[in-house]
């Protein structure tokens, strides 16, 4: 039964993968693709679930006038809801408002007097194949990773005028070429730069643009078999085998507490999503039954995360390019929902490239379809997100109401059961807590609730239990005495 | 009933007990069979009724047939494999006696199963280790009974017995291989005859 289900699911996903050739980005009746969601249960079965998000708007070049949109390689948002799409091919950063209306396109950098800025050699400063942006809300600054020109361009967040340019720091050590592709800035204005396929880590610059250090250790997974062969190999053989480099980071972003989130899809990496503390160690919480690796069962085709987006309440969305899926995890690393697929319908992906939160909505870009989707939460997604938010901030009662609402949409949501159970546990309502922990398959917390319940039961029925216990002891003693008396007579 | 009483004696005095069972007929094949069936039933029982904290099974999709087959296949395979090996290595035990030893020795396992299943409903995570150690003790007891019983009925020394046990494992592997081979051949043959007969019916 299990196998058959998986086979059918595999076939279906295969069909979806193939798509229907010849149909443009819309279903026959013009409606958009409706996502199917799922989560994993305690035993790793994929359980159907409503999708947490649905397509609201497609941002493409339709209202951009004469400006072309050739690819969308990154997306970022500002706190006031503007959306920034990076077009690497056209070398532009396009600005939209939160409803997807086109506002402005940035290519040539102006100063405040509306004049084109010139660099030291007298050349105009023009964006050259930028591939990443980051909006720094604290200083109202837009950071553009200008990959082709090997620099970071910092613009004023309102007028998009020139603020400063960060070139390759002179004291940059290591062998990494300074070709910034993704960028993020923390509350102390330190700049974190990802260079594609750099095995030295994320480049960290001080606020003034000087080099600070390489940041974040991405440990490669050591394979026992490889280790065995390498221990046998001679030096010349070892040279031919090639070294195991530390896997490269692909993307970087910040959370509200100042931790750096990064993703990698290197097949040798031990972790896929990182929450790096100031020492560069991964402190991502993975308390769920399954690790944060996307799909847990795959036919040698693991999920490859290209980008991650974090809310201030710890829920993060990881974008996978293998199956075109978006994985929603909560702060504890428990999977909330998975949705999305590859294909040609409106709402499906071809080569997803970037993801960002815009309030409760998600903005997801696709470089091959040359568009970005604004996804809004469904009814289910709304209660799920707000429930997780209340839960994160410790507003238990409100969280319970929202989780109960979420369970009405999806009775398979183990995270919600456990969340409700924890609330009852804290109120010492052990029996209810036990019921919910059992539904949520949380043996750890069930045990805690049962401990309280058992103590109460023992106290309540102490008389009876004591009587039975004493009676047992008396019976034992009596039978011993009798046995010995009989033995004594016989001998 | 007397045989059941004697089972108690065997559990604590295996060398003496199994010897009496072999030579003076104090063992019972019928009792051994009942115990074997009881073991399978207990396995089903523990799958479903072990307390939630210790029970990792997806109870909603319990399949008692699978549990019974997986519970019985190992001891039965052992009995057959051990018999094939020991007849070659001058063991004095008969097939029935090996079956009896195996089945009698499993009584501690059954006791452990009952105890753990019942008590697991009243424990918290911290106390689970007590129950697993109870189970471990029962396994040690089971191993002791097995070795003692096999030594006695085959009239082996300890090391000869252990050596035949290793060979038994290999024999069991060969048996499984042959069984799978037989199954796949049968499947092919059956499907051949089915297609053949279908063709036959439709052509004429």
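Protein chains in written order, with our numbering: chain S, 1 to 491; chain W, 1001 to 1204. Cβ atoms here follow ideal geometry from the backbone N, Cα and C, with glycine treated the same way.
Quick one: list the residues of chain W neighbouring residue 438 of chain S, beta-carbon separation under 7 Å, in chain order.
In chain order, 1052 make up the part of chain W whose C-beta sits under 7 Å from the C-beta of residue 438 of chain S.
Compare the C-beta of residue 1058 of chain W against all C-beta atoms of chain S and say whether one is closer than 7 Å.
yes
Contacts around residue 196 of chain S, its chain only, beta-carbon distance under 8 Å, and the 5 residues preceding and following it disregarded:
179, 181, 248, 250
Does the stretch 33-44 of chain S come close enough to the stretch 53-63 of chain S to have 3 or more Cβ pairs within less than 8 Å?
yes
Could you run through the stretch 1099-1121 of chain W and flag, in chain order, every residue whose CB is less than 7 Å away from some CB of chain S?
none
Kindly indicate which residue of S:412, S:90, S:446 has the alpha-carbon position closest to the one of residue 428 of chain S.
S:446
Give the interface partners of residue 451 of chain S over in chain W, defined as CB-CB distance under 9 Å, in chain order.
Using a Cβ-Cβ cut-off of 9 Å, residue 451 of chain S is close to 1124, 1125, 1126 of chain W, given in chain order.
Mind listing, in chain order, the continuous beta strand (DSSP E) runs of no fewer than 3 residues lying wholly within the stretch 1057-1105 of chain W?
none
DSSP bridge partner residues for residue 36 of chain S (one or two, in chain order)
S:50
Pick helix, strand or coil for residue 373 of chain S, following the three-state DSSP scheme.
If DSSP states are grouped into helix, strand and coil, residue 373 of chain S belongs with the strands.
Give, in chain order, every unbroken run of the alpha helix (DSSP H) that is at least 4 residues long and sits entirely within the stretch 395-483 of chain S.
Runs of the alpha helix (DSSP H) lying entirely within the stretch 395-483 of chain S and spanning at least 4 residues, in chain order: 396-409, 414-426, 430-439, 443-460.
Which one of W:1166, W:1048, W:1173, W:1144 has the shortest CA to CA distance from residue 1118 of chain W?
Considering only alpha carbons, the answer is W:1048.
Could you give the DSSP three-state label for residue 21 of chain S: helix, strand or coil?
No answer about residue 21 of chain S holds up, because its pLDDT of 40 lies below 50 and its placement is not dependable.
Using the beta-carbon count (16 or more within 10 Å), is residue 94 of chain S buried or exposed?
buried
For residue 63 of chain S, which option in S:371, S:476, S:434, S:377 has the closest C-alpha, if you only look at C-alpha atoms?
S:371
So if DSSP puts residue 146 of chain S in a beta bridge, which residue, or which two residues, is it bridged to?
S:151
Contact with chain W by residue 447 of chain S, beta-carbon distance below 7 Å:
yes
Residue of S:58, S:267, S:89 minimising C-alpha distance to residue 300 of chain S:
S:267
Start and end of the alpha helix (DSSP H) containing residue 381 of chain S?
379-392
Counting pairs of beta carbons, one from the stretch 69-83 of chain S and one from the stretch 346-363 of chain S, are three or more of them closer than 8 Å?
yes
Quick one: residues in its chain with C-beta nearer than 6 Å to the C-beta of residue 27 of chain S, no 5 flanking neighbours on either side, listed in chain order?
Here the model assigns residue 27 of chain S a pLDDT of 48, short of 50, so the residue's position is not dependable, and the following value carries that caveat. Closer than 6 Å at the Cβ level, and outside the excluded window around residue 27 of chain S, lie 345.
For residue 214 of chain S, list the residues DSSP reports as bridge partners.
S:203
Locate the beta strand (DSSP E) running through residue 103 of chain S, then write down its first and last residues.
102-106
Where does residue 1147 of chain W sit, in a helix, a strand or coil, going by DSSP?
helix
Under 9 Å between beta-carbons, which chain W residues line up against residue 443 of chain S? List them in chain order, please.
1052, 1053, 1054, 1055, 1056, 1125
When you compare the CB of residue 493 of chain S with every CB in chain W, is at least one pair closer than 7 Å?
Beyond the ends of chain S as shown, which are 1 and 491, falls residue 493 of chain S; an answer cannot be given.
Measure the alpha-carbon distance for residue 1095 of chain W versus residue 1055 of chain W and round it to whole angstroms.
36 Å
Could you tell me whether the stretch 186-194 of chain S touches the stretch 252-265 of chain S, where touching means 3 or more Cβ pairs closer than 8 Å?
yes
My understanding is that residue 336 of chain S touches residue 326 of chain S, with C-beta atoms under 8 Å, so please give their C-beta distance in whole angstroms.
About 11 Å separates the CB atoms of residue 336 of chain S and residue 326 of chain S; that is not less than 8 Å, and the two are not in contact.
Extent of the continuous beta strand (DSSP E) to which residue 91 of chain S belongs:
Residue 91 of chain S -> no beta strand (DSSP E), and no H or E assigned at all.
Touch test, the stretch 1106-1115 of chain W against the stretch 1040-1047 of chain W, Cβ-Cβ under 8 Å, three pairs minimum
Judged by Cβ distances under 8 Å, the stretch 1106-1115 of chain W makes contact with the stretch 1040-1047 of chain W, as three or more pairs qualify.
Distance between residue 125 of chain S and residue 114 of chain S (C-alpha atoms, nearest Å)
13 Å
Measuring only between beta-carbons, confirm whether residue 43 of chain S sits less than 7 Å from chain W.
yes
Where residue 365 of chain S falls: helix, strand or coil (DSSP)
strand
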